[in-house]
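Okay, structure first, notes after.
Numbering (our numbering), first residue to last: 1 to 185.
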């Protein structure tokens with residue numbers, strides 16, 4: 001489900017539980033006082049239906065307030081919302097670029113996917129690979145894994161199976177199961 005992606009981008013597990021009234025009141029109060037992180041959490045809670053039924057309009061409103069404060073979480077979640085839920089990549093990409101400029105590896109991964117899969121544009125493997133590399137430099141396992149795949153298949157970079165396998169081996173040694181599976185095949 002696309003809301004699960006939004007939640008994972010924030011590092012929040014999707015529980016499906018409604019927020020306790022006191023927790024919601026506190027979160028609402030913090031958000032109304034201009035706490036950008038609380039605005040992101042409240043927007044996500046509305047999107048996930050933790051404040052009753054999912055309310056995407058309220059979610060968008062609170063996330064936009066965080067964006068107005070130039071909060072990375074606002075750029076990231078609202079950018080993912082526009083891309084993954086509304087499929088409006090013209091709105092999504094600039095927000096994700098702003099989050100990426102603030103060193104958000106998840107935003108870099110989202111941008112790489114937009115370029116790799118040609119979401120709202122022509123496919124651009126070179127730019128996708130550049131975003132994967134930037135995320136990998138920040139320590140993103142997803143970035144490193146996808147960069148290794150780029151080398152393996154020669155997407156956006158010269159094909160280099162040896163380098164790809166070395167990268168996958170390093171990831172596997174760090175406990176990345178999908179890299180271990182890749183090496184088995």
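C-beta: ideal position from N, C-alpha, C; glycine also.
These figures come from a predicted structure and were not determined experimentally.
Rounded separation between residue i and residue j - CA only
i           : j           : result
residue 157 : residue 58  : 42 angstroms
residue 94  : residue 182 : 33 angstroms
residue 69  : residue 63  : 10 angstroms
residue 170 : residue 107 : 23 angstroms
Sub-8 angstroms separation of residue i and residue j beta-carbons
i           : j           : result
residue 73  : residue 36  : yes
residue 117 : residue 126 : no
residue 104 : residue 132 : no
residue 112 : residue 165 : no
residue 143 : residue 114 : no
residue 66  : residue 102 : no
Range of the contiguous alpha helix (DSSP H) that encloses residue i
i           : result
residue 182 : 177 to 184
residue 89  : 89 to 101
residue 37  : 36 to 48
residue 121 : First-last for residue 121: undefined, no H or E at that position.
residue 74  : 72 to 80
DSSP state of residue i mapped onto helix, strand, coil
i           : result
residue 86  : coil
residue 150 : helix
residue 165 : helix
residue 157 : coil
residue 12  : In this predicted model, residue 12 has a pLDDT of only 44, less than 50, meaning its place in the structure is not dependable enough to derive any value.
For residue i, the nearest candidate out of the options (CA to CA)
i           : options              : result
residue 121 : 83, 101, 137 and 140 : 83
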